[in-house]
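Working notes, structure below.
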Amino acid sequence: MKALVLTQYNQLDFQEVPKPAIRPNEVLVRVQAVGICGSDVHGMDGSSGRRIPPIVMGHEASGIIAEVGSDVKNWATGDRVTFDSTVYVLDDWYSRRGQYNLSDGREVVGVSTPDFKRNGAFAEYVAIPQHILYAVPDNVSFTQAALVEPVAVALHAVSLTPIQVNDSAVVVGSGMIGLFVIQVLKLAGCGIIIAIDLDDDRLALAQKLGATHSINAKSGDVAKQVQDLTHGRGADVSFEVVGAGPTVKTAIDCVRKGATVTLVGNLAPTVEVPLQAIVTRQLRLQGSCAINGEYEAALALISSGRMNVEAILSAEVPLEEGADWFKRLYGKEKGLIKVVLKP
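Okay, so the sequence shown: first residue is 1 according to the UniProt record's numbering, each after it adds one.
Below you can see the structure in the form of structure tokens.
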């Protein structure tokens with residue numbers, strides 16, 4: 001089969017590779033659409049340590065079942081499917097507690113680390129365990145289904161965060177995940193949703209998708225501007241969806257005393273935080289890791305039209321052109337948010 005392979009850091013080659021052999025509990029999915037995730041773009045240069053070459057990346061995908069393993073039940077060839085990005089063990093202690101995203105020994109599709117390697121969906125076919133499959137509704141396209149994973153990431157982050165109707169929220173970063181978080185916050189009943197970014201075009205899109213206000217981070221005292229919009233207190237909750245020191249600090253600075261700050265971005269391995277501000281203002285900082293059962297909700301929201309995924313789509317292109325689009329995303333080409341590849 002053909003696949004887009006990270007053969008060495010900053011080098012992607014479209015080449016012939018062996019078709020995956022499936023295990024008894026797996027299905028072989030013929031990929032119809034696969035999104036380029038920001039974590040793939042940042043992993044390409046080796047900075048994250050989670051894309052060790054050679055590896056076929058890609059974990060946001062949809063397709064058609066082409067083959068089923070001998071132990072597979074309730075799935076058949078021809079079924080339209082998408083799948084979770086996390087491959088977890090069913091009898092793990094965390095999985096049994098309903099926290100499969102934290103399970104020991106978990107793997108991620110399209111990721112390679114010193115501990116594991118699992119080829120992903122930048123290919124014609126990908127092998128997927130049956131227990132992470134989800135059926136795609138008839139009215140949801142393969143392209144839409146390839147964006148279910150990031151929608152589910154946003155749903156998980158919001159589900160972890162204590163939010164009441166009419167609460168105020170700050171979202172730092174208006175990339176793909178940030179734009180989905182904004183839509184989920186609107187559905188959750190937040191009264192004020194403030195988008196913060198450096199790109200005015202992305203901020204305009206954030207307001208189109210549900211943000212009530214937007215602030216360019218270069219425009220001055222961001223925390224003061226947020227306070228002016230929130231009765232002088234600061235926001236009830238904030239979400240950091242970049243993963244860098246300055247944006248984490250912004251997410252902390254913009255909330256009121258006793259607030260919750262949810263960290264979703266995962267770009268920098270370490271960041272500094274204002275410890276005394278966190279302690280004396282009694283802030284709750286929490287991480288949000290991947291997805292934990294939000295796929296069905298994400299599919300339902302897309303199917304019903306309550307979640308707009310097409311708004312963030314920048315281009316749909318053939319898989320063989322993937323290397324060029326990776327370079328454009330890596331170079332932060334203006335206007336690019338999400339690219340979906342078609343094998």
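Cβ coordinates follow ideal geometry from the N, Cα and C atoms, glycine included.
Sequence-distant residues of its chain with Cβ nearer than 6 Å to residue i (five each side left out)
i, result
"residue 266", "243"
"residue 268", "243, 244"
"residue 111", "50"
"residue 5", "13, 15, 54, 56"
"residue 119", "56"
Extent of the continuous alpha helix (DSSP H) run through residue i
i, result
"residue 298", "295–304"
"residue 206", "200–208"
"residue 130", "Segment: none, residue 130 is in no alpha helix (DSSP H) and carries neither H nor E."
Residue i (DSSP reduced to helix, strand or coil)
i, result
"residue 233", "coil"
"residue 244", "coil"
"residue 315", "strand"
"residue 279", "helix"
"residue 106", "coil"
"residue 86", "strand"
"residue 72", "coil"
"residue 329", "helix"
"residue 38", "helix"
"residue 7", "strand"
"residue 180", "helix"
"residue 168", "strand"
"residue 95", "helix"
"residue 337", "coil"
"residue 116", "coil"
"residue 61", "strand"
"residue 321", "helix"
"residue 2", "strand"
"residue 111", "strand"
Beta-carbon spacing of residue i, residue j below 9 Å
i, j, result
"residue 46", "residue 175", "no"
"residue 259", "residue 232", "no"
"residue 323", "residue 336", "no"
"residue 261", "residue 229", "no"
"residue 21", "residue 127", "yes"
"residue 3", "residue 30", "no"
"residue 142", "residue 282", "no"
"residue 1", "residue 125", "yes"
"residue 60", "residue 35", "yes"
"residue 58", "residue 122", "yes"
"residue 86", "residue 70", "no"
"residue 72", "residue 25", "yes"
"residue 222", "residue 171", "no"
"residue 182", "residue 193", "yes"
"residue 237", "residue 226", "no"
Residue i to residue j span [Cα, whole Å]
i, j, result
"residue 108", "residue 129", "12 Å"
"residue 17", "residue 55", "11 Å"
"residue 152", "residue 275", "31 Å"
"residue 15", "residue 270", "36 Å"
"residue 186", "residue 249", "24 Å"
"residue 220", "residue 253", "13 Å"
"residue 277", "residue 155", "28 Å"
"residue 318", "residue 342", "5 Å"
"residue 8", "residue 246", "30 Å"
"residue 157", "residue 74", "30 Å"
"residue 140", "residue 334", "28 Å"
"residue 144", "residue 218", "33 Å"
"residue 84", "residue 330", "25 Å"
"residue 302", "residue 294", "12 Å"
Same chain, Cβ closer than 7 Å to residue i, neighbours up to 5 away in sequence not counted
i, result
"residue 203", "174, 195, 197, 214, 216"
"residue 90", "131"
"residue 297", "155"
"residue 99", "292"
"residue 23", "69"
"residue 327", "none"
Element boundaries [beta strand (DSSP E), containing residue i]
i, result
"residue 260", "255–263"
"residue 35", "26–35"
"residue 149", "Note, residue 149: premise wrong, no beta strand (DSSP E); alpha helix (DSSP H) at 148–159."
"residue 145", "Element bounds for residue 145: not the beta strand (DSSP E) but the alpha helix (DSSP H), 142–145."
Contact with chain C by residue i, beta-carbon distance below 9 Å
i, result
"residue 28", "Reference to chain C is not applicable here, since this structure consists of a single protein chain."
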